[in-house]
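*Asks:* Shown below is the structure under consideration.
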Amino acid sequence: MLGNIHSIETLGTVDGPGIRYVVFTQGCLLRCQFCHNADTWEIGTGKQMSVSELMNDLISYLPFIQSSGGGITVSGGEPLLQLPFLIELFKECKKKGIHTTIDSSGGCYSNAKLFQEQLAELLQYTDLILLDLKHINRKKHIQLTGMPNDHILEFAKLLSSKQVPVWIRHVLVPTITDDETDLNEMANFISTLNNVKKIEILPYHKLGVYKWEALGLQYPLKEIEPPNDSQVEKALHILKGKCQFTS
Numbered sequence: 342m343l344g345n346i347h348s349i350e351t352l353g354t355v356d357g358p359g360i361r362y363v364v365f366t367q368g369c370l371l372r373c374q375f376c377h378n379a380d381t382w383e384i385g386t387g388k389q390m391s392v393s394e395l396m397n398d399l400i401s402y403l404p405f406i407q408s409s410g411g412g413i414t415v416s417g418g419e420p421l422l423q424l425p426f427l428i429e430l431f432k433e434c435k436k437k438g439i440h441t442t443i444d445s446s447g448g449c450y451s452n453a454k455l456f457q458e459q460l461a462e463l464l465q466y467t468d469l470i471l472l473d474l475k476h477i478n479r480k481k482h483i484q485l486t487g488m489p490n491d492h493i494l495e496f497a498k499l500l501s502s503k504q505v506p507v508w509i510r511h512v513l514v515p516t517i518t519d520d521e522t523d524l525n526e527m528a529n530f531i532s533t534l535n536n537v538k539k540i541e542i543l544p545y546h547k548l549g550v551y552k553w554e555a556l557g558l559q560y561p562l563k564e565i566e567p568p569n570d571s572q573v574e575k576a577l578h579i580l581k582g583k584c585q586f587t588s
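Residue numbers for the sequence shown follow this note's numbering, beginning at 342 and rising by one.
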């Protein structure tokens, strides 16, 4: 089984608990205006790697990873575009006792029978999902990502119904995703979920601008500056305000 891989970070510290072996998959349906990995958008490209190749590399880092309470995180792009590959990879990880995490926006979530069947199988081998909620307002979500968020919220509800542990992540972009009304509405939605372990605010940054320029794309948020610490704390306070964290 081959996967389309963009890159690998061997000792990641920001994509789940502990030290993580982070696999960035190639391909995404969203076109987020703040994306710092625009070079992962194109589907069907990237380096083709087998599960055995990844496992052989991952195992060499296991002493550091497992001593820290870490594991593997598959990010992107959008990992759920490659469900069969993820199933095989996570099956092998579970044989080795490796903690498994998916970083997903849910942007390709579908009610199609095959997708649902494959997702159900994958979740059997998944310990944690980092769920990126871009925007709660449907119209603003379309403006920000090019897609509505109905199916993404469905995905969140499904994970809650199946009691799959999640960390909610929200990128805070001044004037775009920091409106208090929107944040309160997102907090209301999060409070309906019964599987939330943690909420994270990811401050917007411009580190990926050079990738847009290298791809010949015009970066749409060039005039927006990153949020300050007080803006981040305020947003986090709002999102946490109504959430009952699960242990």
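Every residue, glycine too, gets a C-beta built ideally from N, C-alpha and C. Keep in mind it's a predicted model, so treat the numbers as computed, not measured.
#1: According to DSSP, which residues form a beta bridge with Ser391?
#2: Put Pro544 into one of helix, strand or coil per three-state DSSP.
#3: Short of 6 Å in beta carbon distance, which residues of its chain neighbour Gly387, apart from the five on each side in sequence? Order them along the chain.
#4: For the alpha helix (DSSP H) holding Arg372, just list the boundary residues, first then last.
#5: In the region 491 to 529, which residue ranges form an unbroken beta strand (DSSP E) of at least 3 residues, counting only runs that do not cross its ends?
#6: Whose C-beta lies closer than 6 Å to the C-beta of Trp553 among residues of the same chain, with five residues either side of it excluded?
#7: Output the distance between the C-alpha atoms of Arg479 and Ala555, rounded to the nearest integer angstrom.
#8: Helix, strand or coil: how does DSSP classify Ile360 here?
#9: Starting from Thr486, follow the alpha helix (DSSP H) in both directions and report where the run begins and ends.
#10: So, Asp523 versus His476, is the Cβ gap smaller than 8 Å?
#11: With which residues is His440 paired in a DSSP beta bridge?
#12: By a C-beta neighbour count over all protein chains shown, 10 Å radius and 16 as the cutoff for buried, is Gly385 buried or exposed?
#13: Determine the closest residue to His546 out of Pro425, Met396, Ile565 and Gly359, with distance taken between C-alpha atoms.
*Replies:* In short:
#1: On the sequence shown, residue 391 is found 50 positions in, with the first residue counted as 1. In the DSSP output, where bridge partners are listed per residue, Ser391 has Leu343.
#2: Against the sequence shown, residue 544 aligns to sequence position 203. Three-state result, Pro544: strand.
#3: Taking the sequence shown and counting its residues from 1, one reaches residue 387 at position 46. Answer for Gly387: Asn345, Ile346, His347 and Gln367, listed in chain order.
#4: Numbered from its first residue, the sequence shown carries residue 372 at position 31. First-last for Arg372: undefined, no H or E at that position.
#5: 507 to 513
#6: On the sequence shown, residue 553 is found 212 positions in, with the first residue counted as 1. These residues qualify, in order along the chain: Ala379 and Tyr560.
#7: For the purposes of this step, residue 479 is taken as the residue at position 138 of the sequence shown. For the purposes of this step, residue 555 is taken as the residue at position 214 of the sequence shown. Whole-angstrom Cα-Cα distance: 31 Å.
#8: Taking the sequence shown and counting its residues from 1, one reaches residue 360 at position 19. In the three-state scheme derived from DSSP, where H, G and I count as helix and E and B as strand, Ile360 is classed as coil.
#9: Against the sequence shown, residue 486 aligns to sequence position 145. Taken as a continuous stretch (DSSP letters only), the alpha helix (DSSP H) holding Thr486 covers Arg479 to Thr486.
#10: In the sequence shown, the residue the question calls residue 523 occupies position 182. In the sequence shown, the residue the question calls residue 476 occupies position 135. Cβ atoms of Asp523 and His476: closer than 8 Å.
#11: Sequence index remark: in the sequence shown, residue 440 carries index 99 (1-based). His440 is bridged to Gly412.
#12: Position 44 of the sequence shown, counted from the start, is the residue given in the question as residue 385. Exposed.
#13: Start at 1 with the first residue of the sequence shown, and residue 546 comes out as number 205. Minimum Cα distance to His546 is reached at Ile565.
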